[in-house]
Amino acid sequence: MAIMLFGLVGCGGNQSTYVTLNISASSVLTDALTEVNNLYMQKNSNVTIVNNYASAGTIQTQIENGAECDVFISANENNMDNLGNGGFIILETRLNLLSNVLVLVVPIDSALDITGFMDLANEKVTLIAIGDPASVSAGIYAEKLFELLGISDDLMNKLILASNVREVLTYVETGNVDAGIIFSSDALISGKVKVIDTAPEEINSQIVISVAVIKTSENGKNARDYLDFLSSEEAMVIFESYGFSPVIK
Numbered sequence: 000m001a002i003m004l005f006g007l008v009g010c011g012g013n014q015s016t017y018v019t020l021n022i023s024a025s026s027v028l029t030d031a032l033t034e035v036n037n038l039y040m041q042k043n044s045n046v047t048i049v050n051n052y053a054s055a056g057t058i059q060t061q062i063e064n065g066a067e068c069d070v071f072i073s074a075n076e077n078n079m080d081n082l083g084n085g086g087f088i089i090l091e092t093r094l095n096l097l098s099n100v101l102v103l104v105v106p107i108d109s110a111l112d113i114t115g116f117m118d119l120a121n122e123k124v125t126l127i128a129i130g131d132p133a134s135v136s137a138g139i140y141a142e143k144l145f146e147l148l149g150i151s152d153d154l155m156n157k158l159i160l161a162s163n164v165r166e167v168l169t170y171v172e173t174g175n176v177d178a179g180i181i182f183s184s185d186a187l188i189s190g191k192v193k194v195i196d197t198a199p200e201e202i203n204s205q206i207v208i209s210v211a212v213i214k215t216s217e218n219g220k221n222a223r224d225y226l227d228f229l230s231s232e233e234a235m236v237i238f239e240s241y242g243f244s245p246v247i248k
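When the letters of the sequence shown are read in order and numbered with numbering that gives the first Met the number 0, they come out as residues 0 to 248.
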């Protein structure tokens, strides 16, 4: 009696054994990338994706400490640079994938007359949530914005530092702070905050989401195929629906 072996053929003509891809990505990508990854698994039935979402700085530390990771997607180029300089990524796989915009948000029912970033220096604003600049991409950009506007000293005792950008969003949604600084894609998913102001181009031009295969990956071929999919038209439609813009260089 002949025995048939199934499960070695992926959709779309990809033939391989079952593999697990560990994808670590900045928290800002949580919703969009989860949908993109689900679509990729539908098209490649032999691949299971395990998602790890955290701040870019936290993920950098995880990778440096040997955490299992095939692909890193970072909302801060500095963290990708650090891993590149340390020999942790395959340099030729690195590419700039998406861009984003930094915005000021307040609770949807806020009674404070906050009309822009400069109002954060006013006495009426007492608590402002940002990502911890030590590890959170949005927090790094927020700190640069404060310096650009010349209000860093005025905000020193007002800042509440969050472990990731989604935590900032939660602080604002619940009214635990007067305002928060997040990415526009985060604001888009919430019906509990309103966008008051957008950072100037000097800041937004620096916001680039990059991606690379980790050098210790044991699934290099599959990881590169996954990278190709991230820049595909199908994936970009999803990313753009969540407020991201393509930046393929």
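For each residue, glycine too, the CB sits at the ideal point set by N, CA and C.
Check: Looking only at C-alpha atoms, which of 212, 102, 108 sits nearest to residue 179?
Finding: 102
Item checked: Nonlocal neighbours in the same chain, by C-beta distance under 7 Å from residue 67, ignoring five residues either side -> 21
Checklist line | When 85, 127, 29 are compared against residue 170, the one with the closest alpha-carbon | finding: 127
Item checked: Simplified DSSP state of residue 128, which is helix, strand or coil -> strand
Next item on the list: Give the DSSP-derived three-state secondary structure of residue 193 in the structure shown.
Entry: strand
Notebook entry, point to check: In the structure shown, what three-state DSSP assignment does residue 158 receive?
Noted result: strand
Next item on the list: Output the boundary residues of the beta strand (DSSP E) element that contains residue 179.
Entry: 178-182
Next item on the list: Would you mind working out which of 32, 58, 207 sits nearest residue 82, comparing C-alpha positions?
Entry: 58
Margin query: Using a 10 Å radius around the Cβ and a threshold of 16 neighbouring Cβ atoms, would you call residue 166 buried or exposed?
Written below: buried
Checklist line | Cβ neighbour criterion (16 or more within 10 Å) applied to residue 17 | finding: exposed
Margin query: I'd like to check one pair, residue 207 with residue 37: are the Cβ atoms closer than 8 Å?
Written below: no
Item checked: Inter-stretch contact at 8 Å, needing at least 3 Cβ pairs: the region 45-60 / the region 106-113 -> no
Next item on the list: May I ask you to report which of helix, strand or coil DSSP gives residue 60?
Entry: helix
Next item on the list: With DSSP as the reference, please indicate the residues paired to residue 104 in a beta bridge.
Entry: 179, 194
Check: Per DSSP, which one or two residues make a beta bridge with residue 70?
Finding: 22, 212
Check: Comparing the CB of residue 114 with every heavy atom of the ligand SAH, is any distance shorter than 7 Å?
Finding: The ligand SAH is not part of the structure shown, which contains no ligands of any sort.
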